[in-house]
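Here the structure is laid out as C-alpha cells; the discussion comes afterwards.
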Amino acid sequence: MPHLNAFNWSLIIGIIATVIGLSLLAGGQKITPLLLALPRHKWTGRILAVLAWIGTGWAIMVMPLSMLTPYKQFVPYIIIISIPLSWFWLEDLLTCRATAGLLMLFPTPLLLCLRSHHSPWRLVLISFAYLALTAGMVVMLYPWHMRRACHALAKNSVTRIATGAATTLIGILIIAIGLLAFQ
463 MPHLNAFNWS LIIGIIATVI GLSLLAGGQK ITPLLLALPR HKWTGRILAV LAWIGTGWAI
523 MVMPLSMLTP YKQFVPYIII ISIPLSWFWL EDLLTCRATA GLLMLFPTPL LLCLRSHHSP
583 WRLVLISFAY LALTAGMVVM LYPWHMRRAC HALAKNSVTR IATGAATTLI GILIIAIGLL
643 AFQ
C-alpha cells in the first residue's frame, strides 16, 4: 500500500468534506429521508463496517509492537470472523459505529505523514485529525449522538444549510491548503 503524503491527505479529506457539504446544501427535501434512514441503514452500515474492520486489521499488522508479532498471522482470520459478527450483534446503529471506527482509524497514518512535514499549515490537518479522533470516540461510545445529529439535520433546513455551508467551506479550505502548502 503506497504511503499518502500531506498533499494527498488534504485532497482526500477536502473532497470528502466538500461532497458531504454540497450534498447537504443541494439536497433540499430529497435528502431528509436519507438522513433519517442513514443511522440504521443496513447495507451502509455493513459496507462501512467492512472498511473499518479492514482498517483495524491493517493497523494491527503495521503496529511495531513485538508482543503482537506471534499473533499477527491470525489477524486476517479474526477480521474475517469479526465482520459478520459485527453485522449480527451490532446491527442497530451499525452505520454510526462503523463511521466512528473509521474516524478513529484514519488519523494515525495522517499524523505519521505530517510528523515530517515542516509547514505551519500542517497544524490545520493535525487539528482536524484530533477532532475526528475525538468525534469517533464519542460516537463509538454513544452512537445515538450521530443518529440525533442526522435527525436534527433532516428536520431543520436552516441547520442543514448552515452545516452544509460550513462543511463545504472547510473542505475547500483543506483542498486549498493542500494545493498551496503541501504540493
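Numbered per the numbering used here, the sequence shown spans residues 463 to 645.
Every residue gets a Cβ at the ideal spot worked out from N, C-alpha and C, and that includes glycine.
Between G517 and V537, the gap from beta carbon to beta carbon reaches 8 Å or more.
Restricting attention to alpha helix (DSSP H) runs no shorter than 4 residues, the stretch 518-553 encloses them at 537-551, ordered along the chain.
Counting the other Cβ atoms within 10 Å of the Cβ of R622 gives 16 or more, which makes it buried.
Nearest neighbour of I475 by Cα position, chosen from I637, M566, L573, turns out to be I637. Note on geometry: alpha-carbon atoms of K617 and W549 lie some 28 Å from one another. By the Cβ neighbour-count rule, L527 is exposed, with fewer than 16 other Cβ atoms within 10 Å of its own. L486 and I545 have their alpha carbons spaced roughly 30 Å apart. With respect to the C-alpha of L631, the residue from N467, A468, Y604, G483 having the closest C-alpha is G483. A distance below 7 Å between beta-carbons, with the five flanking residues on each side excluded, links M608 to the following residues of its chain, in chain order: P501, C558, T561, V601. Counting the other CB atoms within 10 Å of its CB gives I478 a total below 16, which places it among the exposed residues. Rounded to whole angstroms, the separation of the alpha carbons of L572 and F644 is 13 Å. DSSP places Y592 in the uninterrupted alpha helix (DSSP H) bounded by 584-603.
Each residue's CA atom was taken as its position, placing A594 and E553 some 23 Å apart.
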